[in-house]
Every structure is written in C-alpha cells, then in structure tokens.
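Everything on this sheet refers to the single structure shown next.
2 protein chains.
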Amino acid sequence: MTANRLIYLPLGGAGEIGMNAYVYGYGPKGRERLILVDLGVSFPDMDSSPGVDLILPDLKWLVDRADRLEAIFITHAHEDHIGALAHLWPRLKKPVYARKFTATIGRLKFEEAGLSPNTIQIVASRPHTVEAGPFRVQFVPVSHSIPESAALVIDTPAGRIVHSGDFKLDANPIVGEGWSDERFAAIAAETPVKALMCDSTNVFSLHAGRSESTLKVPLAEMIRGAGGMVVATTFASNVARLKTLAEAGRAADRTVCLLGRAMKKMVTAAQESGVLTDFPPTIPPEMASDVPRKNLMLIVTGSQGERRAASAQLSRGKYLGLEMKQGDTFLFSSKTIPGNEREVGKIMNAFSAMGVDVVDDSNGKYHVSGHANRPDLEHVHRLLLPDMVIPMHGEHRHLREHVRIAHEAGIAAAIAVNGTMLDITGDVPVVAEMIEAGRTYLDGTALVGAMDGVIRDRIRMALNGHVMVTVILDEGDSPLGEAWVEIMGLSATGRGNRSLSETLEGDLTEFLEAANKKLLGDDDKLDEALRRIVRQVTVEEIGKKPEVTVVVSRLMAE
Amino acid sequence: MTANRLIYLPLGGAGEIGMNAYVYGYGPKGRERLILVDLGVSFPDMDSSPGVDLILPDLKWLVDRADRLEAIFITHAHEDHIGALAHLWPRLKKPVYARKFTATIGRLKFEEAGLSPNTIQIVASRPHTVEAGPFRVQFVPVSHSIPESAALVIDTPAGRIVHSGDFKLDANPIVGEGWSDERFAAIAAETPVKALMCDSTNVFSLHAGRSESTLKVPLAEMIRGAGGMVVATTFASNVARLKTLAEAGRAADRTVCLLGRAMKKMVTAAQESGVLTDFPPTIPPEMASDVPRKNLMLIVTGSQGERRAASAQLSRGKYLGLEMKQGDTFLFSSKTIPGNEREVGKIMNAFSAMGVDVVDDSNGKYHVSGHANRPDLEHVHRLLLPDMVIPMHGEHRHLREHVRIAHEAGIAAAIAVNGTMLDITGDVPVVAEMIEAGRTYLDGTALVGAMDGVIRDRIRMALNGHVMVTVILDEGDSPLGEAWVEIMGLSATGRGNRSLSETLEGDLTEFLEAANKKLLGDDDKLDEALRRIVRQVTVEEIGKKPEVTVVVSRLMAE
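First to last, the protein sequences are chains A and B. Remember, our numbering sits 11 above the position in the first sequence when you count from 1. Remember, our numbering sits 11 above the position in the second sequence when you count from 1.
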C-alpha cells in the first residue's frame, strides 16, 4: 500500500501578484483527491500582452485530473481570486463554495456567462464545515478591502492547514466582521496548525497596518475645505471605503452620488447579501446636476486610470451630463498599482489642465491598504504557531522576504512559485515535483496560450512594423506583373525621400526577373528569399527590420 | 516702428518631464531674434510609442525660422536636455554653447553622428558672457545629479531672465561646485530679475532636499554588513554618486569595479573635463573574477531596468564572466522613474530567485534626488525675487502647483505648456500665441511625426492583430481561384475549433463568386466589402476586430 501524502501546488498567484489558483491534494501519490482554492485573473499590459482582455492561469494540469477534483473554494470576490471562475469552470465542472457576498458576485458572473448560478453554493462561516473528499473546509472571516473575505481552515488526515486568503488585521473595518485574534487563537488551540499558506503582498511594509476606521475624520476635513464639487475614486469592490467616503461627504454637508456601473453593482450586491445595511442616502446621476457643485460629492470608478471608467471619462469631458470645472477637487482614495502610473498620471494632468485640484494618497491620510504589513504577518505567525509557513500572493521577492521573516522566528518555510508541488506531509515542506504552470490569454472570445506565439507576433508587429509582399507566378513559374508591397506601421519614405514601398517593389521585381526557375518553383525558398530582401532593403532605407508576410499566388493552367 | 517684445516659447519639457527645448526671442513681433535652450529627448514606451528609438521635440516652428536663430545653449548633459542635439542640429546649423563637461559629452555625440565636434563651444561660467544677437548669456554653476549643470542668466534689452536648468540646493554635491545662495543673490542684486523659468520636477516633495554628501556613511555601513559580492546601480551620469558608491565600497574594504559602457564613458568624460580628479582606484572587469566575492563591489549600469544594461544582464545570467550568487547584495541607489516599475520589478524578482538580497531606496537612505523640493523652490523664489515665475520641466500638475506656490508668495506666474508663446515684455506674462508643438519619433533611422499614423498603425496591430487578404481577378473582373488569407497575431482557430483563415477564405470566396461585376470592377468598393466581411467574421469567430489589408491583383490582357 502506498502511503498517503498531502500536497500543495500553486497554479497562479505565487511568484506574481494576480490570478490566484492554489491546489491542495491528499491521497496516494498520483491518486490524490484535490481541491482548488480561488480562480482569479491578472490584467494585461501593453508590454507583454497587448490587446489581451484577461490573463487566466493555465489549468492544464488540473483539467487533466478533473476527475480527482472534489470542489472549488473562493476566498473573496476580488477579480484576482474569482475573475477566471466563469471562464474556466466549464473545464472543471465541480461545486463551488463561497460566503454569501462572494457567491452573489460569482453568481452574477455565471449568469452573464450563461452558466447556472446555483453551481455556486453559499456557505456559512466556521464552525460550518464543507466536506470535500478527504478535506473538511471552514470559512473564517478576515478583514480585507472587500466584504466577507475569508481565510480557510482546511483539515486533512495529515493535519490542519490555514490558507490566509487576502487579509489585514483590522478590528474595525467599517463593513463586515473585524479581524479577531481570539478567533484565530481558537483555531490553533483546537488543532495544531501544520501549515500556514499566507498572503505576502505587504511584507516590505515595515509599520503595522492602519484601520479603515482612521480615514473618515481626515476625509471629512478635506472635503469640508474643498470649494467646488468633490469627486473621489477608489476600487468599486472596496465597499467599506465607499461607505467611509459617502459618510465623510455627508459629514461635510454634501449630497452624495455614486457613478460608474461597477460601483452600483458592488453596493447592490453588498446590500442584497446583507453585509451593508446602513449606506448613507445617495442620489442618482441624473439628479446630480441639479445640486449646487459645492454641495455635491461624486464617488466614481477608475482609481487605476482605466480608460473607460468614470474618472477617465470625466478627465476627457462630460460623463452622464456631469463635468469637472476650475476649483473642483478630485481625490484618489487609493494606491496606484505598479504599472498603472502612466495612465493615472495622464488623468491627473488632464484634471490639472481643467483647473481641478488633484489630491492623492502621497501624504498617507486618505487611503489604507487591505493587506497585512510585516509586523502584522509576524503577529499572525506567532498567533497560529504553524509547523511551516508557505508564502503566497506575492512576487518572488515578497515570497523570499516572507520566508526570511518566518525563518527568523524559527518557523520552517519554503518558497513555492507557480508550478512547485510541495509535499507537506512531514514536518517540513519538500519539493515533490515541478509542474508546467503558465498563463492563458482571453483574447476577444478566444483562449490563447501565452506560448502559442499569437501575442508574440502582435508585439513584433508593434515593435517592427509589417511588410506584406504579393507575388503572382504563371503556370510556368514566371512572375506575372511586378511584386506588390503593402507596408503597415513603417515610415512611408526611406532615404532621399523615396517611397519605401516603391523601392521594395522595384528591388523585389528585379530579383524575381533574374531568379532561376528552380528557386521560383520552390515555395519555401522563394518565400525566404523575398523575406530576406525586404528586411535588408528596409534596414538600409529606414533602419528597421520588419515582420514580413509573403503571399505567392501560383496560377494554374485551366 | 513696431515695439520690440520679449517672448518665451517651450517646444518641449513643459507639460511633460522630458525632451526639453525652450525658445527665447527678442525683437519686433514676427521678426524676433531667437535662441534655443536645451534640445533633449524623451524615452518611448510600449503603450504610446512601441518600437520607437527616441522621442524628439517637433522643431518645425523653429526650423522655419532658423534664419533668426542666433545660438543654442545646453544647460547640462542629461539626455532629456542634450539627447536630440545631434539628431536635429543639421536642421538648425547654429553655434552650440555649453560648459566643458556638457560639451565633452555633446562632442562625443557629434562625432558619432558624423558632425564636427567643434560646433560645440566650451564656455566658462559667469562672469564670462556669450553674445547672441540681442541676448547676453552667462552659465551659472548649480548642483544637480550630473557634473557642471548650469542655470543661465539671459540678459535682454527688456530685462534679465534666469533659466534655472535642472538644479537642487546642495552646498556639498561631492563633484563640481555646490549651490551658492550668495551667487544667486548677487545675480539679483546686480540686475533685477524679470522672469525666473524654473524646474518644477519635485514641487510635490514637501521636505527640503538632502545633500549627496549624506549618503556615504549609510552606504558604507550597508556594504560592510553585506556577506557576498555587492553590486550597486545608479544613473551612469550621476558621477558624484559613482564616486560616493566607490568611496563607500573602499571604506568597507572592497575592491571596486565599474561595469557597463555608459559608466566608463561618463567617468572618462568627467576626468577629461577636469571635474573629477580623485575617483577611487578601480579594477577592470576582466580582473574582477580574481577578487574574492566578499571583497568585491561592482558599480553597474541599468538602474531603470533597461534590457541591455549590466543589471538586466546580470539578472539573466553571466555578464563579462561575472554572475550573481546566493548571498550577494544588489543595491538600487536610485529612484525608479514612473513607468519603469515593471522592468525594475522583473530584475528584482530575478535576483530574488538567485538568492540575492535586493536593497532599494524604500527607506530613503541610499539615494537623494537631483531636483529642488518645494521648500527649496520657495527659497529660490525669495532669493531672486523675480517679477514672474514661469514653471518648466514638469507635467501639467507640477507646473500648476508651482504657479500656486508662486502666487502664494505674491509673485506673478503662468502655466505655459509646450507651444504656448508668452509675451513677457511687461510685468506679467501674457499668452501671445499658440504654436503647434508636437513630437517626432526617431524610428530606426527615420524621423516620423507622432501624428503621421505610422505608430498608431503599429499600436492597432498590437491590439487587434492583422489579417491580410489576397484576391486575384482576371481581365474580365472575375475572381481567379479562391481568396487567400494570412493572419498574424490572432488565434488560429475560431468557434468549433475551425481554422480561422479557412473560415475567412471560404466566406470571402463565396462573396466574390456571388458579387456583381460593378462591385468587382471598383477597387475601393471591393476593398471595403472584403474588409467588412473579414471584420464581421472575425468578430463572430473570435470576438476580435482586426486590422485588415486587402490586396486585389488584376491580371491584364497581355
């Protein structure tokens, strides 16, 4: 009989911040029963994934073993934890468990995707327990920047795992349950914790995190001091912040209006799931223009400079009949995620050009993070006293630093990036296997592998431009007419102000006329020869080596 | 007789940080004699300028008036002030003036471009004066993050202008002359300052700037505490920092080695121009591998994550026989410029995966900025007491904030972004005219206008992919064979796993066979019809609306 083992395998979220997907398994090697925790997306960027809609984890390993998968658990409703669920669920087809708010958001997504919303089951928090094969799973409320975020207690025959999810130590998070030391101390007291899989996002933040409840007073003060209209943006899913902003606006005697679809969706979901009961009164956007500007506060989407969100639209002009004017104030009650600085900067400058005062979080008064800082992580290590800490939800440097602080506290720890299968049956984590774990792109409605070359070709066209050559050969392989060249994304003129396409056509036609029949009869060689000439001439003319597509049409005798 | 007027016209650098180019003019309206201060570049990014080599100011306005241009003055040798000079000088062909170190760098660039280095004339600092038409120009030493940065005193018949250049208030900048209040007080005492054109980069930094000389002790301490090899990166042009780093390395008993071509070029130029006389001894890279790692310190290029610089090469593996290992330390003695976070992050994570400790400036101990902070700017306003402050070297929000603090101090001020011609003859600045001021891309060896559509096409191909259609029609406008489709940068398969190109070919061929002669005979209409089908089918198949190139070849009767 083979011994059972307990394994942990991140397929996304470890070695990056985004597209979380963590597999746990228990059973004989190669026959473990599996559960999946979270199934999120990452967001594309122009540098590495131009034109892509979403980045999803590559689930090939799990799809190949879907018969062994028992269930899917979603810790909270942030896109990097739930965003891929509706896209990839049809490949897994297993029950999904989440707390009520998370399930509400997930069900909306399932409906949009034409899937049955009831696939997502609403689970009460601990002590309620979900049985999934050899796993017994409980949802434990934690504070974060979205309602009903949960850590998971995962009991297995090999011991207890605590999967932290995204969390911070906020005893007073405005919306939902606060962080409770007692709650987690009880978990560790009940059964010793074998492994803590732990959020690493803020491991480089050296001060203890601050509570959401510290923001209302400075926000109200700022709004009270503002002359014209006040517009504030934050993540739509940060329902607590929306409430804090709205309350601060009311405290400053302003009428509050929420703008942007995501904002309304989140507040509605929070109200429907019962986590948000006392949101201040707001007016609909169509009534906002009737309120004097100095009595009005808008709370809008687009804290990351998203092109189509309300903040970007306002920076370009009118949005739903509202517009920013000289003397108004625009507040970013948010942090700019690395990589979004340029887009956010564009909006700030556009507002500046309108005479709008832009206030951001550079002084640290109008935003708090949703993740545990280093002292908070150390506190949780001490509270749970796990046999081992496995950092997740971080780039490599975050995971490494998190391992370092665990080691300093005398706790076993290991870096496991995406694709690293750890055997955690024993007292220390051991690398069992390396799995190929990659990314899948949702591009339009197609799923494209990151290594398929599709996006690489797009990047190359963006860097190098594209030259298309059309050549027609007759039945005897003789060129019929001249070569035809179309260029896209390259200077129209080369040296001496000559037309680049005409120069190319001339040189290609000259080559074709002099070429021997053997070359003209060989598709691959002809293609290669034409491509080489295009590149060489383009380098000479404009110093660029373009992508080249050659189409050779051969007329057949009729 | 028309009255003479004094004008100021930024063609780059105002409303952005980068590609500085400022024009001053004096004389009758439309016949002003002109000087140009600085001629720099900006750096491209994938979002807005993929594949572009450099971004230069569009000098059309000035080139059209080159007969009225007297001279070009370069304040310092940073690329955003001197980088476009060799590229655009042939369109201006006027004498260039700079201090010795700046001229040395400029002359190297002129030599590389096949231009005569002697065009750049070396100028001593004030009281030495360059006469350029109605202008009398003096170079005034200021401290910055490169040797021999200068402010300019520009005397005109309408009054004295101080053009700050890039500066900070550092009395002890390690290399070159320190900032001197007396020097600037004397300038204002000699002749009242009419206008101060002033660096705005750090207007949002609320604390007084710190001196370069504060870094050596903490750096030496950090290096002393490091176990393995220490590698530090900063801007190559920051010669003072190179010296501080090398001295800190020596103080920690390490042998120092400079790595990267730019590094050697800058140190050599600084030594040749006499500003750097006592750089600590260094060893050449080929000897570095003979030194025990714990006694070795490398100072390398690539603080911004540049792909081909030494730091990026070391993050990918060996560079000149040297490589990073477990227990080494890599120090970013620099700030990450907004927009470069992703590339710098990649390098940090690659080092982390090697077991290297990465130290950055998040604690503020290992880097100081080269620009004046808000209190420093306010100090300079008080020192010079100009009639007006015109902020430059900043995005719109920086210029706006700088105007605000000038107004608070009771000084006239105005925002003038690129293309805004100010008449500053009177006591307050007045907008005289708006000039079209844009960007020119150096793309390979071609200069491409930012509005030419070339780069826009590249961006579109990157976002949407590219479909090429080839159709051959015979002498009677009948289709000869089937339509041929090539796709680039799009999923190869559409719905039901069908080949996208085959689906397109089928639908296009069907259309061609059914089309009437009138349509088939009309190039534009046929092109449009084929394009529409491609887009429609591609949207149905994969949800993308691609760029489409159609080539219709018409065979002629022979």
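Where a beta carbon is used, it is the ideal one built from N, C-alpha and C, also for glycine.
What residues are listed by DSSP as bridge partners for residue i?
i         : result
A/Met-308 : A/Val-241 and A/Val-267
A/Thr-560 : A/Met-479
B/Arg-3   : Here chain B has residues from 12 to 569 only, and residue 3 of chain B is not among them.
B/Thr-504 : B/Ser-510
B/Met-571 : This structure does not reach residue 571 of chain B, given that chain B is present from 12 up to 569, and the question cannot be answered.
B/Gly-572 : A question about residue 572 of chain B goes unanswered here, because the residues of chain B that appear run from 12 up to 569.
First and last residue of the alpha helix (DSSP H) that includes residue i?
i         : result
A/Gln-132 : Here A/Gln-132 belongs to no alpha helix (DSSP H); instead the beta strand (DSSP E) covers 131-133.
A/His-92  : 90-93
B/Glu-524 : 511-525
B/Lys-276 : 272-283
B/Trp-495 : Segment 495-499 is the beta strand (DSSP E) holding B/Trp-495; no alpha helix (DSSP H) there.
B/Met-233 : 227-236
B/Thr-115 : 111-123
B/Thr-212 : Taken as a continuous stretch (DSSP letters only), B/Thr-212 belongs to no alpha helix (DSSP H), as it is neither H nor E.
B/Ala-540 : 534-553
A/Arg-261 : 250-262
A/Asn-360 : 352-364
A/Arg-408 : 407-419
A/Ala-97  : 96-103
A/Asp-454 : Looking at the DSSP string, A/Asp-454 is not in any alpha helix (DSSP H); the run it does join, the beta strand (DSSP E), is 450-454.
For the beta strand (DSSP E) containing residue i, list its first residue and its last residue.
i         : result
B/Phe-341 : 340-343
B/Phe-146 : 146-152
A/Asp-434 : 431-434
B/Pro-68  : 65-68
A/Pro-39  : 32-39
B/Asp-368 : 368-370
A/Glu-81  : 80-84
A/Val-52  : Looking at the DSSP string, A/Val-52 is not in any beta strand (DSSP E), and its letter there is neither H nor E.
Shorter than 7 Å from the beta carbon of residue i to some beta carbon of chain C?
i         : result
A/Thr-481 : Looking at the structure shown, chain C is missing, and the protein chains on hand are A and B.
Please classify residue i as buried or exposed, where buried requires at least 16 neighbouring CB atoms within 10 angstroms.
i         : result
A/Gln-324 : buried
B/Arg-44  : buried
B/Lys-528 : exposed
B/Thr-202 : exposed
A/Ser-489 : exposed
A/Ser-502 : buried
A/Tyr-432 : The sequence given here has Met at residue 432 of chain A, not Tyr. That one is buried.
B/Thr-167 : buried
B/Ala-259 : buried
B/Ser-127 : exposed
A/Thr-549 : buried
A/Gln-149 : buried
A/Gln-547 : exposed
B/His-139 : exposed
A/Glu-159 : buried
Please determine, among the options, the residue with the shortest C-alpha to C-alpha distance to residue i.
i         : options                                       : result
B/Phe-112 : B/Phe-84, B/Glu-447, B/Met-277 and B/Ala-423  : B/Met-277
B/Ser-191 : B/Ser-216, B/Ser-154 and B/Lys-227            : B/Ser-154
A/Gly-29  : A/Ala-420, A/Gly-176 and A/Glu-334            : A/Gly-176
A/Gly-144 : A/Gln-132, A/Ile-157, A/Pro-152 and A/Asp-78  : A/Asp-78
A/Val-370 : A/Leu-395, A/Ala-237, A/His-409 and A/Gly-455 : A/Ala-237
B/Ile-544 : B/Asp-534, B/Val-561, B/Gly-532 and B/Asp-533 : B/Val-561
B/Gly-455 : B/Lys-71, B/Gly-62, B/Leu-50 and B/Val-34     : B/Gly-62
* Asked: Taking a cut of 7 Å between CB atoms, which residues from the segment 369-388 of chain B lie near chain A?
  -> Val-369 and Ser-373
* To do: For the segment 385-414 of chain A, enumerate the residues whose C-beta is nearer than 9 Å to any C-beta of chain B, in chain order.
  => Glu-406, His-407, Arg-408, His-409, Leu-410, Arg-411 and Glu-412
* To do: Could you list the residues in the segment 207-229 of chain B with a C-beta less than 7 Å from some C-beta on chain A, going in chain order?
  => Phe-215
* Asked: Name the residues in the segment 311-343 of chain A whose C-beta lies less than 9 Å from a C-beta of chain B; which are they?
  -> none
* Could you list the residues in the segment 53-70 of chain A with a C-beta less than 8 Å from some C-beta on chain B, going in chain order? => Asp-56, Met-57, Asp-58, Pro-61 and Gly-62
* To do: Closer than 7 Å, Cβ to Cβ, to anything on chain B: give me those residues from the segment 352-366 of chain A, in chain order.
  => Glu-352, Arg-353, Gly-356, Met-359, Asn-360, Ser-363 and Ala-364
* Output, in sequence order along the chain, the residues in the segment 440-458 of chain A whose CB is closer than 7 Å to any CB in chain B. => Asp-454, Gly-455, Thr-456 and Ala-457
* Asked: Using a beta-carbon distance cut-off of less than 8 Å, what residues from the segment 488-513 of chain B approach chain A?
  -> Leu-491, Gly-492, Trp-495, Glu-497, Met-499, Gly-500, Leu-501, Ser-502, Ala-503, Thr-504 and Gly-505
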